[in-house]
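J.: Here it is, the structure, as structure tokens.
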Amino acid sequence: MITSFVVWVDFRLKPGARDSFRKLVDANATASVRNEVGCRRFDVTEARGEPDRVVLYEIYDSEAAFDEHCRTAHFDEFNTHSAPLVDTKLVTICDLVLEATP
Numbered sequence: 446m447i448t449s450f451v452v453w454v455d456f457r458l459k460p461g462a463r464d465s466f467r468k469l470v471d472a473n474a475t476a477s478v479r480n481e482v483g484c485r486r487f488d489v490t491e492a493r494g495e496p497d498r499v500v501l502y503e504i505y506d507s508e509a510a511f512d513e514h515c516r517t518a519h520f521d522e523f524n525t526h527s528a529p530l531v532d533t534k535l536v537t538i539c540d541l542v543l544e545a546t547p
């Protein structure tokens, strides 16, 4: 049974762009969970041993909630200002089928 809409975003950054990128993505993540009713989780992770790689893990109530996220001002600001800092971006869409919690 599908319970939520999940987005993984794997960013490979240009050398030296990590600090600037993190400021932008951290603000986007914080605004998303704070201001969007349909955003249940927005994690920003860094791959160990790969200083130019940042992976996002986002959970939304539905695909419509994610679409709404993509129309927010904070997402637009992140997307516009982070683009020059990114070498490659891979987006994977998933369905959350089991959420195991303690």
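Under the numbering used here, read the sequence shown as residues 446 to 547, first letter to last. Built from N, CA and C at the ideal position, the CB exists for glycine as well. Just so we're clear, the structure is a prediction, and the values are computed from it rather than from any experiment.
The alpha helix (DSSP H) with Lys-468 in it runs from where to where?
T.: Working through the sequence shown from its first residue, we reach residue 468 at position 23. Residues 463-480.
J.: Whole angstroms are fine: how far does the CA of Lys-468 sit from the CA of Arg-516?
T.: Along the sequence shown, one-based indexing puts residue 516 at 71. Along the sequence shown, one-based indexing puts residue 468 at 23. Arg-516 and Lys-468: Cα-Cα distance of roughly 20 Å.
J.: Arg-485 bridges to which residues according to DSSP?
T.: Residue 485 sits at position 40 when you count from the first residue of the sequence shown. Answer is none; Arg-485 lacks a bridge partner.
J.: Quick check on the DSSP output: the alpha helix (DSSP H) that includes Glu-508 runs from which residue to which?
T.: For the purposes of this step, residue 508 is identified with residue 63 of the sequence shown, where counting begins at 1. Looking at the DSSP string, the run of the alpha helix (DSSP H) that includes Glu-508 is 508-514.
J.: For the beta strand (DSSP E) holding Asp-521, just list the boundary residues, first then last.
T.: Residue numbering aside, residue 521 sits at position 76 when the sequence shown is read from its first letter. Note, Asp-521: premise wrong, no beta strand (DSSP E); alpha helix (DSSP H) at 518-527.
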